[in-house]
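Residue numbers (the working numbering), protein chains in the order written: chain E, 6 to 834; chain S, 11 to 231.
Input: a single structure, listed below in structure tokens.
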Ligand SMILES: Nc1ncnc2c1ncn2[C@@H]1O[C@H](COP(=O)(O)OP(=O)(O)OP(=O)(O)O)[C@@H](O)[C@H]1O
Ligand SMILES: [Mg+2]
């Protein structure tokens, strides 16, 4: 056959959409939404991963960090002393500058000449560039995104709020966004620092440090990628959910258009188009539609990502201190991946229909029972597949149960996916048998019996949209129960944790002076100094397996003791033991090292390993690490922890003039007014972070529900012509159009309600898996399961509302149809 | 042109196999014409489908244009149908989404044998010239019937297989369509195998066979 002949055949196949544009719209919409949400999420992930990779390439390259134990700034002499002793250390200074327009930009000063080999910056520079970097007027190296945020050209010298200027800007693609890197000599001047803030050293370099120094090993400063993995996995799971729901639409649309074109295909075959080219042409059609849908989807996905990115960036910074640029940076594989996933999904959704079309013999194509008989067989297949998926989910659940905390996140999501998909597959057989039973019991009421039998007839089309609805509804219920439950727990916990009224973090060099002054000052009841540090938990004699843990020092003031969120303790009052030298550990650590109150743990201290008794376990939401809590005194004594922040307890019932306190602090010690934060502000900030973190989750969830609504609408629109043909005989026999419209809405509303009734237990099961399994796997702590009756009611209402909304347009069109049209449909049938 | 040798065909039904054709043989030389008559449900359409290679016999052999269909691959069989066969179905099987003129040209285009002068002439002689841009659903039954005939002839086939091409028409229109069909067939010199109920329709053809209980017998219209 010639190309022209193939073209004729393809155009003939496509001409179907001229008569049924609704089906084309449904197909494209399915592809579009599926790939839009998926690629939106992937755009965020790819962008974030790119910044992490650059951040990792920059700092760590797994470099150890050396600081003074007391937190005082280093002096240049310290560096020289160490260098004289032959230690291959390199100085760094970190700080932030404020630009003339008020934006703050973190600055990192390095010495490229002494940076350990392979330290990212030092080695890769061409000598010319290196010289410019090292010599006045120096260079400020920034990522291209940062240049864009500053809206400056390379070579520009941004003005600072203090009046000075930065060295000329130069772009460096390897740098993470929102960071300026320059030579340490320039940075020290710019930051008005007295010397380096810390030193770095290659991890393999051995070095004996004097007591006042502490070396933080590189793997203790956990790589950002690891911490944020769970965050991104979460996003990916949401994107996958939308993808699956979208592909449901695609599948429904595809089998509809193929089924309706069986006659056309039979004619083409009878006129001499061989079977294999026919399937190839159908595949070509799919490819064309897939490309159009995927491109539209990816374009809107990028737009969606741009819209969500500020929220994502804010929560990542708040949760993990990771900075993301405001600009998306998308590598080539992002585009390729988006296309592949969409086309692959399309192929998966279309494969069974194509396969079936390929195997039908010519004459059978004309008989639609051959196609319909398939649905009956499919129902059995669905029930079996659903059962298998549930078995898989249960098996995975059992496996997950065996795993230690902070592991098996992918496993957990797979389990949830299997359970959701399994339940969705059970929906059509369930609906079919329910409807059959109802139709049988209502035999004496012909119209009702017809209505039920009729829904059963619509089921092949409708069930896919209902499956999408089921998944979207239960995901919505599960996630909102989790988020709202978390909010309750989190707010309680915040109240418990924020015991002091005011918080102040004085600079290390003025710490003691400020503390003494505050102790003397009138109007302050008590000072609650806290400090933090880090060490390793030694659970085996082998040091290499020692687990890094955070150390937190608190002052066990009665105010704190009353409120501290204890989960488990050796006795009713573990605080005396705590004061005597026992420690408390956070839930993450308790779960991950299987420690419970009464047991002992061994920590590495500057004086060698030391055992501590565990007095209690406390809740510590939002902290990615295991943590050991001691009294501040003991933390200083055993670990020489640097000064941290001070909590100020104000006398109850007496209004203290906070503004005056701020003024005094700034006058006496030069501490900026905003370093003194009150509890309400802190709570507000935490709450904002919380809401932002879940803003994306909620947005994606809402969008998924929208997608399910679109699935319903398009599938109803696409099958509207046949519906009319089925309704026409009833109308001809004297059932009014109003009645028919009403019956149609009841049929759909009822089906949606049954679906929602299934979605409720499924959603609650999902919520439970999220709080009890996924959370433990992702963060190491567990949340109590809260059931919100109002969420359940919302789910039921939402299901019916979404369905009726989707049914409205087709119903309205039927309602408005001139009777003559119905007559024509009658003739055509 | 067409030869059926000892062809049998039965269908599987819930009540067991239903034998429709039991060892049938027939020969239709090039340019000849043959009417096939018989009761409703006796297997006329089945025989036509076997002759066109749309279905395969349980036993026996179908030889079309000198080639045994069972020895041909599926794509060779399709090519044979595309290039040498014209089919008029009992239920027309027009493509609802193509215009009248595109429907008429469909097979010719698939066979790379589009001949505008010929298709225009066909449109004219079939009385469809004024409705070339309409769609099949906007045609009357007789017009659809004529379009189906036109589509089969547009490819200038060597053999035309027509399944009750006048079955849906009243007597007068049936006569019109039939006269037209026979004239067109005579002009193009192709062989014709036509299924019909009506002795009146069968009369102008060279031969007439009757199918009954799976067997063929000579008949006079
Ligand atoms: N796919 C099938 N499966 C089972 N039985 C079939 C099938 N197709 C046809 N039959 C049966 O085979 C017999 C012959 O059918 P066929 O369509 O060939 O009859 P026909 O002679 O063309 O009838 P008519 O004049 O009404 O068009 C009929 O009894 C029919 O019920
Ligand atoms: Mg027949």
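Yeah, the Cβ is synthetic: ideal placement off N, Cα and C, and Gly gets one too.
query	result
Limits of the alpha helix (DSSP H) - the one that residue 762 of chain E falls within	742-773
Test: residue 27 of chain E CB closer than 8 Å to a CB of chain S	no
Under 7 Å by beta carbon: chain E residues contacting residue 198 of chain S	Ordered by position in chain E, no residue passes the 7 Å Cβ test against residue 198 of chain S, which lies about 18 Å from the chain.
First through last residue of the beta strand (DSSP E) which encompasses residue 201 of chain S	201-205
Residue 849 of chain E and residue 185 of chain E closer than 8 Å at C-beta	This structure cannot speak to residue 849 of chain E, because chain E is shown only from 6 to 834.
Short CB-CB distance (under 8 Å) between residue 367 of chain E and chain S	yes
Environment of ligand 1 in chain order, Cβ to heavy atom below 5 Å	S:21, S:30, S:50, S:51, S:52, S:53, S:54, S:55, S:56
Minimum Cβ-Cβ distance from residue 238 of chain E to chain S less than 8 Å	no
Selection from E:640, E:286, E:762 that minimises the alpha carbon distance to residue 611 of chain E	E:640
Short CB-CB distance (under 8 Å) between residue 27 of chain S and chain E	no
Where residue 156 of chain S sits in the DSSP three-state scheme	helix
Bridge partners - residue 70 of chain E, DSSP secondary structure assignment	E:205, E:221
Residue from E:289, E:521, E:781 with nearest C-alpha to residue 533 of chain E	E:521
Given residue 514 of chain E as reference, the closest of E:710, E:764, E:819, E:674 once Cα atoms are compared	E:674
Cβ of residue 91 of chain S within 8 Å of any chain E Cβ	yes
Residue 80 of chain S beta carbon near ligand 2 (any heavy atom closer than 7 Å)	no
For residue 36 of chain E, the nearest candidate out of E:256, E:512, E:141 (CA to CA)	E:256
Assigned exposure category for residue 52 of chain S - 16 Cβ within 10 Å defines buried	buried
Beta-carbon neighbours of residue 106 of chain S, restricted to chain E and to distances below 7 Å	24
Neighbour flag for residue 400 of chain E against chain S, beta carbons, 8 Å	no
Any non-hydrogen atom of ligand 2 within 7 Å of residue 100 of chain S CB	yes
Inter-stretch contact (C-beta, 8 Å, three-pair minimum) for the stretch 302-320 of chain E and the stretch 688-705 of chain E	yes
Proximity test, Cβ basis, 8 Å: residue 281 of chain E and chain S	yes
Whole beta strand (DSSP E) elements within the stretch 532-610 of chain E, 3-residue minimum	536-543, 552-559, 571-574, 588-591, 605-610
Chain S residues whose Cβ lies nearer than 7 Å to that of residue 722 of chain E	Within 7 Å Cβ-Cβ: nothing; residue 722 of chain E doesn't reach chain S, min ~18 Å.
Inter-stretch contact (C-beta, 8 Å, three-pair minimum) for the stretch 49-56 of chain E and the stretch 106-113 of chain E	no
Residues bridged to residue 20 of chain S (per DSSP)	S:29
Sequence-distant residues of its chain with Cβ nearer than 8 Å to residue 524 of chain E (five each side left out)	532
Residue 747 of chain E versus residue 453 of chain E - alpha carbon distance	12 Å
Same chain, Cβ closer than 8 Å to residue 214 of chain E, neighbours up to 5 away in sequence not counted	71, 220
Candidates E:176, E:121, E:78: closest to residue 69 of chain E by CA position	E:121
Any non-hydrogen atom of ligand 2 closer than 7 Å to residue 173 of chain S Cβ	yes
Inter-residue CB distance, residue 460 of chain E and residue 474 of chain E (contact presumed, cutoff 8 Å)	In fact, because the Cβ distance is near 15 Å, the residues do not count as touching under 8 Å.
Euclidean distance between Cα positions of residue 97 of chain S and residue 185 of chain S	20 Å
Per-residue contacts from residue 232 of chain S into chain E (C-beta, under 8 Å)	This structure cannot settle anything about residue 232 of chain S, because the visible part of chain S is limited to 11 through 231.
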